[in-house]
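Asker: Here it is, the structure in full.
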Amino acid sequence: MSSRIPEEKIEQIRKTTDIVEVISDYVQLKKQGRQYTGLCPFHGEKTPSFSVSQDKQLYHCFGCGAGGNVFSFLMEHEGYSFVDAAKQLADRANIELPVSNQREANPNSPQKMMMDGHELAAKLYHHVLTLTEEGSGGREYAKARAFQKEQLEHFQIGFAPNRWDSLKIIFEKREFNLDVMANAGLLGTRESDQGHYDRFRNRLMFPIWDGQGKVIAFGGRSIGDEKPKYLNSAETPIFHKSKTLYAIHLARPSIRKENAAILFEGYVDVVAAWGAGVKNGVATLGTALTEEQAKLLRRNAETVTLCYDSDRAGIEAAFRSAGILEQVGCHVKIALMPEGLDPDDFIRKFGADRFKTDVIGASLSLMAFKMRFLRKGKNLQDEGERLRYIEEVLTEIASLPRAVERDHYLRQVAEEFSLSLDALKQEQFQIYRAKKQQKRSDKEQPIKRTTTKALSQKKLLPAYKNAERLLLAHMMRDVEIAEQVQERIGGQFNVDEYHAIAAYLFAYYGEGNEADPSRFVQRLDDPTLMRIASELAMLPINEECSDQEIIDYMKQIENYPKWVDIQQKELLMKQEHDPVAAARLKMEIIQMKKQLH
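Residue numbers are given in full-length UniProt numbering: position 258 of the sequence shown equals residue 258, and the series is strictly consecutive.
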């Protein structure tokens with residue numbers, strides 16, 4: 001995997017890089033003992049099962065089985081090749097790679113050219129806005145929106161001049177393939193003469209980044225009467241709206257610090273909120289919140305506050321988004337905007353302090369928001385509509401996980417409508433029981449069977465298999481134990497994957513390498529073996545194990561084939577109709593068991 005980069009450079013990158021720091025860019029990690037835990041970025045989960053070891057420089061998910069070192073993490077999460085992952089980590093650690101290898105690590109692929117084109121466009125637009133006469137219209141518009149210099153710099157806001165060829169000329173001078181730039185959404189193509197033109201013109205430009213701060217798209221805000229008012233980049237090989245949140249890489253430090261994120265509907269609101277001191281804001285990109293975006297938020301924070309527009313569409317969008325966020329395990333709050341105002345309008349009209357206190361600081365719990373939402377458009381003076389509202393509220397209360405919450409809101413309803421609290425509790429319980437029975441019949445039984453099976457496979461392993469796992473875990477951390485095992489049983493492991501890992505480990509130590517689980521895992525070309533080896537390396541073991549413990553493990557491994565032989569003979573004995581032959585088999589079985597004991 002690493003043949004195009006010198007091995008000593010790979011080793012330098014590995015030793016310089018801290019896996020916890022790298023993974024923390026993607027996952028909110030909390031220290032628990034010697035390990036760091038968080039929500040797995042490779043599968044959806046509400047309870048953390050993803051573990052990272054700073055000592056071993058490895059990660060492993062006990063839920064889905066993903067595992068490896070810092071190189072494999074970037075390869076699996078970002079889809080990088082090994083060389084691309086190494087280049088990314090080298091840049092992060094300020095390690096210079098040979099020029100020839102840099103070229104190999106960054107082939108002139110269409111995706112790479114698209115990334116470079118976006119970086120170049122972002123620099124051009126920002127230069128035009130801040131330093132040229134062509135950007136005067138953009139500067140006037142930014143001033144009217146009360147954007148300060150710090151906001152323009154922090155978000156690298158720019159301006160696309162009102163010309164057809166500004167960006168096109170730059171691309172031609174830099175020898176970019178114009179068709180690739182058209183596929184990237186930066187240029188348009190004329191059908192008449194197949195010529196190219198700038199797609200964004202006379203617009204304030206907002207770069208859209210991936211999670212690591214690479215520009216992958218743009219949002220353009222018209223400064224005049226051009227339609228549409230907001231023009232976002234279309235989907236491209238490097239930009240997927242459903243997986244991207246605006247400014248997530250900029251907001252991540254504040255999100256992690258506060259363990260909370262503010263979700264806005266658009267990038268202008270994020271910029272305005274940042275200027276008002278709300279640094280943990282992100283936004284969707286003109287589409288409804290997706291499950292992938294919700295999971296991305298949950299990996300970085302426990303609490304998400306929705307700050308959407310105050311019109312009916314905004315309220316309904318908040319209601320939908322709240323449900324998605326709840327499903328992935330977020331604690332959801334709702335910041336209500338005054339009628340007719342969006343966050344940007346509010347900040348310009350009332351100022352930063354009132355936005356932080358009256359909007360963000362006064363956020364409602366999700367249940368309180370649902371109660372407001374459900375009564376919208378209902379005439380509660382009408383008996384039928386009032387009863388329908390109460391039933392809808394009771395259905396929502398029944399879904400609350402905590403008894404204290406349920407009691408709190410039931411008392412609110414009882415007090416507001418002068419109803420018996422006992423009657424409401426009884427009705428709510430009947431709704432809860434009906435939902436539980438439906439859920440059990442639809443989902444719980446198959447999930448329970450699967451979970452039980454998975455747990456039994458992990459916890460109730462045969463003695464020989466546990467012995468092989470623990471022995472390999474010791475071998476990866478101690479050269480002398482590995483030599484002791486090699487001398488006595490060699491590669492006679494009964495599980496094929498463990499046999500292969502042992503063989504690789506013997507070869508690794510045979511080259512004179514020291515015990516280093518992360519470096520050893522790096523040597524494994526097979527992704528399955530890499531995941532298994534990572535899991536074994538992170539098993540909790542007795543670091544001060546005795547020689548007898550190692551010998552006992554090896555005995556378990558040696559004896560397993562003999563127990564298989566005994567079981568086969570016992571089966572033959574049960575099937576044998578000749579009493580003499582059956583007696584002979586019985587004696588053989590007794591003798592074999594004596595030898596084992």
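For each residue, glycine too, the CB sits at the ideal point set by N, CA and C. Predicted model, so just to flag it, every value in this text is computed and none were measured.
List the endpoints of the continuous beta strand (DSSP E) containing Y59.
Answerer: If you number the sequence shown from 1, residue 59 lands on position 59. 58–61 is the extent of the beta strand (DSSP E) around Y59.
Asker: List the DSSP bridge partners of F67.
Answerer: For this step, residue 67 is matched to residue 67 along the sequence shown. Correcting the residue identity first, residue 67 is Gly in this sequence and not Phe. Answer by DSSP bridge pairing, in chain order: H60.
Asker: Between which two residues does the alpha helix (DSSP H) harbouring G137 extend?
Answerer: Here the question's residue 137 lines up with position 137 in the sequence shown. G137 -> alpha helix (DSSP H) spans 136–144.
Asker: Rounded to whole angstroms, what is the Cα-Cα separation between E78 and K227?
Answerer: As a working mapping, residue 78 is identified with position 78 in the sequence shown. As a working mapping, residue 227 is identified with position 227 in the sequence shown. Rounded to whole angstroms, E78 to K227 spans 35 Å at the Cα level.
Asker: Are there three or more Cβ pairs, one per stretch, closer than 8 Å when the stretch 143–151 is compared with the stretch 165–178?
Answerer: no
Asker: Closest by CA to residue 603, which one among P462, R531, F200?
Answerer: Only positions 1 to 597 of the chain appear in the structure, and residue 603 is not among them; the question remains open.
Asker: Are the CB atoms of I208 and G138 within a distance shorter than 8 Å?
Answerer: One-based indexing of the sequence shown puts residue 138 at position 138. One-based indexing of the sequence shown puts residue 208 at position 208. The Cβ-Cβ distance between G138 and I208 does not fall below 8 Å.
Asker: Quick one: residues in its chain with C-beta nearer than 7 Å to the C-beta of K425, no 5 flanking neighbours on either side, listed in chain order?
Answerer: As a first step, residue 425 must be located in the sequence shown, where it is residue number 425. Closer than 7 Å at the Cβ level, and outside the excluded window around K425, lie L410.
Asker: If you reduce the DSSP assignment to three classes, tell me which class L186 lands in.
Answerer: The count along the sequence shown starts at 1 and reaches residue 186 at position 186. L186: coil per DSSP, three-state reduction.
Asker: So, is L336 buried or exposed, given that buried needs 16 or more other C-beta atoms within 10 angstroms?
Answerer: Taking the sequence shown and counting its residues from 1, the one referred to as residue 336 is at position 336. Classification of L336: buried, given that the 10 Å Cβ count is 16 or more.
Asker: When you compare the CB positions of S242 and A217, do they come within less than 8 Å of one another, or not?
Answerer: Stepping through the sequence shown from its first residue, residue 242 is reached at position 242. Stepping through the sequence shown from its first residue, residue 217 is reached at position 217. Not a contact, by the Cβ cut-off of 8 Å.
Asker: Y432 to S363, Cα distance in whole Å?
Answerer: Within the sequence shown, residue 432 is the residue found at index 432, counting from 1. Within the sequence shown, residue 363 is the residue found at index 363, counting from 1. Answer to the nearest angstrom: the Cα atoms are 27 Å apart.
Asker: By the three-class DSSP mapping on this structure, what secondary structure does G44 have?
Answerer: Counting from one through the sequence shown, the residue named residue 44 turns up at place 44. Residue state for G44 is assigned as coil, using DSSP reduced to three classes.
Asker: Using a threshold of 8 Å, state whether the C-beta atoms of G38 and K30 are closer than that.
Answerer: Along the sequence shown, one-based indexing puts residue 38 at 38. Along the sequence shown, one-based indexing puts residue 30 at 30. Result yes, Cβ atoms of G38 and K30 sit closer than 8 Å.
Asker: Write down every uninterrupted run of the beta strand (DSSP E) in the stretch 329–387 whose length is 3 residues or greater and which is fully enclosed by it, in chain order.
Answerer: 331–334
Asker: Based on Cα-Cα distance, which residue from K574, V215, T357 lies nearest to H240?
Answerer: Walking along the sequence shown from the start, residue 240 turns up at place 240. Shortest Cα-Cα distance from H240 to any of K574, V215, T357 involves V215.
Asker: For I541, name the three-state secondary structure that DSSP assigns.
Answerer: As a position in the sequence shown, residue 541 is number 541, starting the count at 1. Correct three-state label for I541: coil.
Asker: Per DSSP, W274 is paired with what?
Answerer: Locating residue 274 in the sequence shown gives position 274, counting from the first residue. Under DSSP, no beta-bridge partner is assigned to W274.
Asker: Where DSSP assigns a beta bridge to W209, which residues make up the other side?
Answerer: The residue you call residue 209 lines up with position 209 of the sequence shown. The partner list for W209 (beta bridge, DSSP) reads V215.
Asker: In the DSSP assignment, the alpha helix (DSSP H) including G323 goes from what residue to what residue?
Answerer: Counting from 1 along the sequence shown, the entry for residue 323 is found at position 323. Unbroken alpha helix (DSSP H) run through G323: 312–327.
Asker: Return the bridge partner residues of T305 from the DSSP annotation.
Answerer: Here residue 305 is taken as the residue at index 305 of the sequence shown, counted from 1. DSSP, once it has assigned bridges, lists I262, K333 as partnering T305.
Asker: If V282 sits next to A322, beta carbons under 8 Å apart, how far is it from one beta carbon to the other, in whole angstroms?
Answerer: Counted from its first residue, the sequence shown places residue 282 at position 282. Counted from its first residue, the sequence shown places residue 322 at position 322. About 16 Å separates the two Cβ atoms, so there is no contact after all.
Asker: The beta strand (DSSP E) spanning A122 covers which residue range?
Answerer: Numbered from 1 along the sequence shown, position 122 holds the residue referred to as residue 122. No beta strand (DSSP E) contains A122, which is instead part of the alpha helix (DSSP H) from 110–131.
Asker: Select from N494, C545, R406 the residue whose C-alpha is nearest the C-alpha of K562.
Answerer: Against the sequence shown, residue 562 aligns to sequence position 562. Answer by Cα proximity: N494.
Asker: Below 8 Å, how does it come out for the stretch 491–509 and the stretch 549–561: are there three or more Cβ pairs, yes or no?
Answerer: A contact exists between the stretch 491–509 and the stretch 549–561.
Asker: Please list, in chain order, all residues of the same chain as I262 whose beta carbon is under 7 Å from its beta carbon, the five residues on each side excluded.
Answerer: Translated into the one-based positions of the sequence shown, residue 262 becomes position 262. So the qualifying residues of the chain are A273, V278, N280, G281, T305, C307, I360.
Asker: Name the residue from A317, P343, I315 whose alpha carbon lies nearest to the alpha carbon of A276.
Answerer: Taking the sequence shown and counting its residues from 1, one reaches residue 276 at position 276. Ranking A317, P343, I315 by Cα distance to A276 puts P343 first.
Asker: Does V495 come out as helix, strand or coil in the three-state DSSP assignment?
Answerer: Here residue 495 corresponds to residue number 495 of the sequence shown, with the count starting at 1. Coil at V495, not helix or strand.
Asker: Name the one or two DSSP bridge partners that V52 has.
Answerer: As a working note, residue 52 is residue 52 in the sequence shown. For V52, which the question treats as bridged, DSSP gives the partners Y36, Y59.
Asker: Could you tell me which residues DSSP pairs with T236 in its beta bridges?
Answerer: For the purposes of this step, residue 236 is identified with residue 236 of the sequence shown, where counting begins at 1. Its beta-bridge partners are F239.
Asker: Give the straight-line distance between the Cα atoms of L152 and N162, rounded to the nearest whole angstrom.
Answerer: Within the sequence shown, numbered from 1, the residue matching residue 152 stands at position 152. Within the sequence shown, numbered from 1, the residue matching residue 162 stands at position 162. Going by the C-alpha atoms only, they are around 20 Å apart.
Asker: Compare the C-alpha of S24 against each of S51, E96, R372, F264 and name the closest.
Answerer: Here residue 24 is taken as the residue at index 24 of the sequence shown, counted from 1. Of the candidates S51, E96, R372, F264, the residue whose Cα lies closest to the Cα of S24 is S51.
Asker: Below 8 Å between beta carbons: does that hold for L186 and R203?
Answerer: Here residue 186 is taken as the residue at index 186 of the sequence shown, counted from 1. Here residue 203 is taken as the residue at index 203 of the sequence shown, counted from 1. Taking the C-beta atoms as reference points, R203 is found no nearer than 8 Å to L186.
Asker: Would you say A313 and I334 are within 8 Å of each other, going by their C-beta atoms?
Answerer: For the purposes of this step, residue 313 is identified with residue 313 of the sequence shown, where counting begins at 1. For the purposes of this step, residue 334 is identified with residue 334 of the sequence shown, where counting begins at 1. Result no, Cβ atoms of A313 and I334 do not sit closer than 8 Å.
Asker: Should G67 be counted as a contact of the ligand SAH given a C-beta to heavy atom distance under 7 Å?
Answerer: In the structure shown, the ligand SAH is absent, as is every other ligand, since no ligand is present at all.
Asker: Between the Cα of L387 and those of A403, L400, P401, A414, spot the shortest distance and give me the residue it belongs to.
Answerer: Counting from one through the sequence shown, the residue named residue 387 turns up at place 387. When each option's Cα is compared against that of L387, the closest is A414.
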